[in-house]
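Remarks on the structure that follows.
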Amino acid sequence: MTASIDPGGDSHGPAISVTGLRKSYGSLEAVGGIDLTVQRGEVFALLGPNGAGKTTTVEILEGHRERDGGEVNVLGHDPEHGGRAFRQQIGIVLQETGVEPYLSVEETVALFRGYYPDPLPLEEVLEVVGLTEQRATRVRRLSGGQQRRLDVAVGLCGNPELLFLDEPTTGFDPSARRDAWEVVRNLSSLGTTVLLTTHYMDEAESLAGRVAILARGRIVAEGRPDELIQGDEVVTISFRSPGRHATLLDGITNAATSDGAVTIHTTTATATLFELTRRATERGVELEGLTVTRPTLEDAYLALTAAEGTESAETSEGGESAGGTASGSR
Amino acid sequence: MNALALALRQVRYENRAFWRNPAAAFFTFVFPLIFLVIFNLLFGNDELEVPGGTTNVSTFYVAGITALSVVYTGYTGLAMLVTLARDQGLLKRVRGTPLPPWAFLTGKLVHMTLTMVLLVALVVAMGAIFYDVDVPTKTMPAFVIALVVGAAAFSSLGLAVTAAIPNADASPAIVQASSLPLLFISDVFIPAGQAPDWLAAIADFFPIKHLSEALQTAFNPFESGYGFEPLHLGVMAAWGVAGLLLSLRYFSWEPRR
Numbered sequence: 001m002t003a004s005i006d007p008g009g010d011s012h013g014p015a016i017s018v019t020g021l022r023k024s025y026g027s028l029e030a031v032g033g034i035d036l037t038v039q040r041g042e043v044f045a046l047l048g049p050n051g052a053g054k055t056t057t058v059e060i061l062e063g064h065r066e067r068d069g070g071e072v073n074v075l076g077h078d079p080e081h082g083g084r085a086f087r088q089q090i091g092i093v094l095q096e097t098g099v100e101p102y103l104s105v106e107e108t109v110a111l112f113r114g115y116y117p118d119p120l121p122l123e124e125v126l127e128v129v130g131l132t133e134q135r136a137t138r139v140r141r142l143s144g145g146q147q148r149r150l151d152v153a154v155g156l157c158g159n160p161e162l163l164f165l166d167e168p169t170t171g172f173d174p175s176a177r178r179d180a181w182e183v184v185r186n187l188s189s190l191g192t193t194v195l196l197t198t199h200y201m202d203e204a205e206s207l208a209g210r211v212a213i214l215a216r217g218r219i220v221a222e223g224r225p226d227e228l229i230q231g232d233e234v235v236t237i238s239f240r241s242p243g244r245h246a247t248l249l250d251g252i253t254n255a256a257t258s259d260g261a262v263t264i265h266t267t268t269a270t271a272t273l274f275e276l277t278r279r280a281t282e283r284g285v286e287l288e289g290l291t292v293t294r295p296t297l298e299d300a301y302l303a304l305t306a307a308e309g310t311e312s313a314e315t316s317e318g319g320e321s322a323g324g325t326a327s328g329s330r
Numbered sequence: 331m332n333a334l335a336l337a338l339r340q341v342r343y344e345n346r347a348f349w350r351n352p353a354a355a356f357f358t359f360v361f362p363l364i365f366l367v368i369f370n371l372l373f374g375n376d377e378l379e380v381p382g383g384t385t386n387v388s389t390f391y392v393a394g395i396t397a398l399s400v401v402y403t404g405y406t407g408l409a410m411l412v413t414l415a416r417d418q419g420l421l422k423r424v425r426g427t428p429l430p431p432w433a434f435l436t437g438k439l440v441h442m443t444l445t446m447v448l449l450v451a452l453v454v455a456m457g458a459i460f461y462d463v464d465v466p467t468k469t470m471p472a473f474v475i476a477l478v479v480g481a482a483a484f485s486s487l488g489l490a491v492t493a494a495i496p497n498a499d500a501s502p503a504i505v506q507a508s509s510l511p512l513l514f515i516s517d518v519f520i521p522a523g524q525a526p527d528w529l530a531a532i533a534d535f536f537p538i539k540h541l542s543e544a545l546q547t548a549f550n551p552f553e554s555g556y557g558f559e560p561l562h563l564g565v566m567a568a569w570g571v572a573g574l575l576l577s578l579r580y581f582s583w584e585p586r587r
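Chains A and B are the protein sequences, given in the same order.
Take the first sequence: its letters are residues 1 to 330, numbered as in my numbering.
Take the second sequence: its letters are residues 331 to 587, numbered as in my numbering.
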């Protein structure tokens, strides 16, 4: 239903396809050869530390910025020369909020709907972002989270085939974030393709079908969130050190004690945990604060971006422990 | 919807948003009128030599404050409005929609021009009612043309100056500093008859004096012709074209940091 009108665009093939994308600012290389494919209907997340090239990449895809090299195809258009036909098919939610503060929510959405040939019904837009009750409220009286939802409303009111969300929940309180995620899921269920950038790993893990991790202008990993996590099979066991019972840890490798906290990284969690709890039970010791954590996307992310960042630095700990050190130090 | 209809629609929304902030709207109109009242209180009984005879100085002030109204809406007002929209990310946002960027700017420009028309009407009406200043009749076409050329030139300069403004916080200072001194030497606030030559030369170079001179002629009761001032109009138009070229080259849609 989202592709009913398709002026000039290509309604088959991937929503986004990028090969060898490059962009430099002066001598600084922001994007150094990226290949990327986003299928229609997908929610795709672009992750990476500040300065990794996320925003540059997204702005090139949006048509806000010119590239230095590479092939870019977004919905059958070259974004640089897409013009109105291209912008009728996309929706953009930027990081900054920018709408007229003295108009009401309803007027703002109505104003932007008018720019598109086949917009979503006003009621539906307000419903999807959860601003139906605030429809008559002036923009300047909205809370931060509500303004952000209005940003999303403005981005999606043209019934885009592809929606760009640049850090959509930065600065949200936890409940506002859950609401925003609900909005993205609603959109996705309508068939909209979503390209998301975010700093929050739980956000990517919860929303995105696939993610790509950018570091220093290159993609260092790409795949489903669970695929990226499985690449790092180390499980972390931690508890508060019971003090005198030093022998508790005898023979257990990769165990470290600091500040009275014991952290063990292991690939054989079941056996290690069994041995540990057996010894503790025999000695009548309670392992306070015992937790077993599986790696999250965040761990995988930190491992990948840290490995990338220290590539040329000293590597005395070895590559594999980078993830463990990073997650253990939190 | 075609692009022209979209531009007109922008004007409607601009206008609506403007009147939603009554304090700002009120003072937009009151500010120039205060000058009209104060200068008339101070110098209202003075007489002034004009080509063809002697008039009450109120005539000078109605023309001067009309010129102020054009500069204040076209240059000052538009520059601040556009810088604010740029800093808020509104310009960038609009660039990502199918709305042609010029249609968005036209919305702001026409809105400020309508504000100018209303303001000028108030100034002329106050002049006629309280200060006995004749509304131009035979010189009406010349008056309107001076306003149109002035509004176009100062709007275009207002757009151009945004390129030199780093952020919205700096815009009042930059816009005022680049217009207020000129207003004092350009026959707007005070008749600059006794100004030293070098100061007069500076005023002659910039466009504000040409606007106020053209308007003075239109308000001069002794004017025997139609009151057209091709030289003054030409200088304003040249500044307008320069402003437009600078805007096309340097105008920024993205917030500066």
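Where is the CB? At the ideal position from N, CA and C, for every residue including glycine.
1. Let me check understanding here. Comparing Cα to Cα, which of A/Val109, A/Ile90 and A/Ile34 lies closest to A/Arg40?
2. So, is the C-beta of A/Tyr115 closer than 9 Å to a C-beta in chain B?
3. Can you list, in chain order, the residues of its chain whose CB lies under 8 Å from that of B/Tyr405, leaving out five sequence neighbours each side?
4. For the putative contact between A/Pro225 and A/Val211, defined by C-beta atoms under 8 Å, what is the C-beta separation to the nearest angstrom?
5. Where do the ends of the alpha helix (DSSP H) carrying B/Tyr580 lie?
6. Compare the C-alpha of B/Leu578 against each of B/Gly374, B/Leu398 and B/Leu435 and name the closest.
7. Give the DSSP-derived three-state secondary structure of A/Ser175 in the structure shown.
8. In terms of DSSP beta bridges, what is A/Leu25 paired with?
9. Classify B/Lys468: buried if its beta carbon has 16 or more other beta carbons within 10 angstroms, exposed otherwise.
10. Report all residues from its chain with a CB closer than 6 Å to the CB of A/Val125; omit the five preceding and five following residues, and keep chain order.
11. Short check: CB of B/Pro431 to CB of B/Trp583, under 9 Å?
12. Checking contacts by CB at 9 Å: is A/His64 closer than that to chain B?
13. For A/Tyr98 and chain B, any beta-carbon pair shorter than 9 Å?
14. Is the shortest distance between the beta-carbon of A/Ile16 and the beta-carbons of chain B less than 9 Å?
15. If you draw a straight line from the C-alpha of B/Leu542 to the C-alpha of B/Phe348, how long is it?
16. Find out if the Cβ-Cβ distance for the pair A/Ile60, A/Leu21 is shorter than 9 Å.
17. Between the beta-carbon of A/Ala52 and the beta-carbon of A/Leu196, is there less than 9 Å?
18. Excluding sequence positions up to five away, which residues of its chain have a Cβ less than 8 Å from the Cβ of A/Tyr102?
19. For A/Tyr200, is the classification buried or exposed, using 16 other Cβ atoms within 10 angstroms of its Cβ as the cut-off for buried?
20. Measure the Cβ-Cβ separation of B/Tyr556 and B/Ala472 and say whether it is below 9 Å.
21. Where does A/Leu302 fall in DSSP's three states?
22. Would you mind working out which of A/Ser17, A/Ile219, A/Asp68 and A/Glu62 sits nearest A/Glu27, comparing C-alpha positions?
23. Below 6 Å CB to CB, which residues in the same chain sit around B/Lys422 once its five sequence neighbours on both sides are set aside?
24. Which runs of the alpha helix (DSSP H) fall wholly inside the region 189-250 of chain A and span at least 4 residues, in chain order?
25. Counting contacts by CB-CB distance shorter than 9 Å, is A/Pro101 in contact with chain B?
26. Taking just the CA atoms, how far does B/Ala530 sit from B/Gln524?
27. List, in chain order, every chain B residue whose beta-carbon is nearer than 9 Å to that of A/Ile60.
28. So the beta strand (DSSP E) B/Glu379 belongs to, where does it begin and stop?
29. State the DSSP-derived secondary structure class of B/Ile395, mapped to helix, strand or coil.
30. Any idea what DSSP makes of B/Phe536, helix, strand or coil?
31. Would A/Val154 count as contacting chain B if we go by Cβ distances under 9 Å?
32. Buried or exposed: where does B/Asp517 fall if 16 or more other Cβ atoms within 10 Å of its Cβ makes it buried?
33. What first and last residue would you give for the alpha helix (DSSP H) that runs through A/Gly144?
34. Within the same chain, show all residues whose beta-carbon is closer than 6 Å to that of B/Ala522, passing over the 5 residues directly before and after it, in chain order.
35. Bridge partners for A/Leu46 per DSSP, in chain order?
36. Report buried or exposed for B/Trp569, applying the criterion of at least 16 other Cβ atoms within 10 angstroms of its Cβ.
So, from the data block:
1. Counted from its first residue, the first sequence places residue 40 of chain A at position 40. Of the candidates A/Val109, A/Ile90 and A/Ile34, the one whose C-alpha sits nearest the C-alpha of A/Arg40 is A/Ile90.
2. On the first sequence, position 115 is the one that residue 115 of chain A refers to. For A/Tyr115, the answer is yes, since a Cβ of chain B falls inside 9 Å of its Cβ.
3. Counting from 1 along the second sequence, the entry for residue 405 of chain B is found at position 75. Phe484, Ser485, Leu487, Gly488, Val491, Val505 and Ser509, listed in sequence order.
4. Here residue 225 of chain A refers to the residue found at position 225 when the first sequence is read from its first residue. Here residue 211 of chain A refers to the residue found at position 211 when the first sequence is read from its first residue. Yes, they are in contact, since the Cβ atoms of A/Pro225 and A/Val211 sit about 6 Å apart, within 8 Å.
5. In the second sequence, counting from the first residue as 1, residue 580 of chain B sits at position 250. Where B/Tyr580 is concerned, the enclosing alpha helix (DSSP H) stretches over Pro560 to Tyr580.
6. Translated into positions along the second sequence, residue 578 of chain B becomes position 248. Of B/Gly374, B/Leu398 and B/Leu435, the residue nearest in Cα terms is B/Leu435.
7. By one-based count along the first sequence, residue 175 of chain A stands at place 175. Helix.
8. In the first sequence, counting from the first residue as 1, residue 25 of chain A sits at position 25. Position check: residue 25 of chain A holds Tyr in this sequence, whereas Leu was assumed. The partner list for A/Tyr25 (beta bridge, DSSP) reads A/Leu28.
9. What you label residue 468 of chain B is simply residue 138 of the second sequence in a count that begins at 1. Exposed, since its Cβ has fewer than 16 Cβ neighbours within 10 Å.
10. For the purposes of this step, residue 125 of chain A is taken as the residue at position 125 of the first sequence. Once the five neighbours on either side are set aside, the close Cβ partners of A/Val125 are Val109, Ala153 and Cys157.
11. Mapped onto the second sequence, residue 431 of chain B falls at position 101. Mapped onto the second sequence, residue 583 of chain B falls at position 253. In this structure, B/Trp583 lies closer than 9 Å to B/Pro431 by Cβ.
12. Position 64 of the first sequence holds residue 64 of chain A. Output row for A/His64: interface = yes.
13. Looking up residue 98 of chain A in the first sequence gives position 98. Going by the sequence as given, residue 98 of chain A is Gly instead of Tyr. Interface residue (Cβ-Cβ distance to chain B less than 9 Å): A/Gly98 is classified as such.
14. For the purposes of this step, residue 16 of chain A is identified with residue 16 of the first sequence, where counting begins at 1. The beta-carbon of A/Ile16 is placed no less than 9 Å from the nearest beta-carbon of chain B.
15. On the second sequence, position 212 is the one that residue 542 of chain B refers to. On the second sequence, position 18 is the one that residue 348 of chain B refers to. The residue you asked about is not Leu; residue 542 of chain B is Ser in the sequence shown. It is roughly 28 Å from the alpha-carbon of B/Ser542 to the alpha-carbon of B/Phe348.
16. Here residue 60 of chain A corresponds to residue number 60 of the first sequence, with the count starting at 1. Here residue 21 of chain A corresponds to residue number 21 of the first sequence, with the count starting at 1. Contact flag set, yes.
17. Your numbering for residue 52 of chain A matches position 52 in the first sequence. Your numbering for residue 196 of chain A matches position 196 in the first sequence. No, the pair does not count as a contact, with Cβ atoms beyond the cut-off.
18. In the first sequence, the residue the question calls residue 102 of chain A occupies position 102. In chain order, Arg138, Val139 and Arg140 place their CB closer than 8 Å to the CB of A/Tyr102, counting only its own chain and leaving out the 5 sequence neighbours on each side.
19. By 1-based counting over the first sequence, the position of residue 200 of chain A is 200. A/Tyr200 counts as buried, since no fewer than 16 other beta carbons sit within 10 angstroms of its beta carbon.
20. Taking the first residue of the second sequence as position 1, residue 556 of chain B is located at position 226. Taking the first residue of the second sequence as position 1, residue 472 of chain B is located at position 142. Cβ atoms of B/Tyr556 and B/Ala472: closer than 9 Å.
21. Counted from its first residue, the first sequence places residue 302 of chain A at position 302. A/Leu302: helix per DSSP, three-state reduction.
22. Against the first sequence, residue 27 of chain A aligns to sequence position 27. Before going further, note that residue 27 of chain A is Ser rather than Glu in the sequence given. With distances taken between CA atoms, A/Ser27 lies nearest to A/Asp68 out of A/Ser17, A/Ile219, A/Asp68 and A/Glu62.
23. Position 92 of the second sequence holds residue 422 of chain B. For B/Lys422, where only same-chain residues beyond five positions count, the Cβ hits under 6 Å are Trp583 and Glu584.
24. Those alpha helix (DSSP H) runs which fall completely within the region 189-250 of chain A and span 4+ residues are 201-207 and 225-230.
25. As a working mapping, residue 101 of chain A is identified with position 101 in the first sequence. Yes, because at least one Cβ of chain B sits closer than 9 Å to the Cβ of A/Pro101.
26. Within the second sequence, residue 524 of chain B is the residue found at index 194, counting from 1. Within the second sequence, residue 530 of chain B is the residue found at index 200, counting from 1. The C-alpha of B/Ala530 is placed about 9 Å away from the C-alpha of B/Gln524.
27. Indexing the first sequence from 1 puts residue 60 of chain A at position 60. Per Cβ cutoff of 9 Å: no residues; A/Ile60 is ~13 Å from chain B at best.
28. For this step, residue 379 of chain B is matched to residue 49 along the second sequence. Secondary structure note for B/Glu379: its beta strand (DSSP E) is the uninterrupted segment Glu377 to Val380.
29. The sequence position of residue 395 of chain B within the second sequence is 65, counting from 1. In this structure, DSSP gives B/Ile395 a helical state, which the three-state scheme calls helix.
30. Reading the second sequence from its first residue, position 206 is the one you call residue 536 of chain B. In the structure shown, B/Phe536 sits in coil (DSSP, three-state: anything other than H, G, I, E or B).
31. Stepping through the first sequence from its first residue, residue 154 of chain A is reached at position 154. A/Val154 belongs to the set of residues whose beta carbon lies under 9 Å from a beta carbon in chain B.
32. Residue 517 of chain B sits at position 187 when you count from the first residue of the second sequence. Answer is buried; the Cβ neighbour count reaches 16.
33. Here residue 144 of chain A is taken as the residue at index 144 of the first sequence, counted from 1. Note, A/Gly144: alpha helix (DSSP H), Gly144 to Leu156.
34. On the second sequence, residue 522 of chain B is found 192 positions in, with the first residue counted as 1. Its chain contains Ile515 as the residues whose beta carbon lies nearer than 6 Å to that of B/Ala522, once the 5 sequence neighbours on both sides are disregarded; these appear in chain order.
35. On the first sequence, position 46 is the one that residue 46 of chain A refers to. The partner list for A/Leu46 (beta bridge, DSSP) reads A/Thr197 and A/Ala212.
36. On the second sequence, residue 569 of chain B is found 239 positions in, with the first residue counted as 1. Buried, by the Cβ-count rule.
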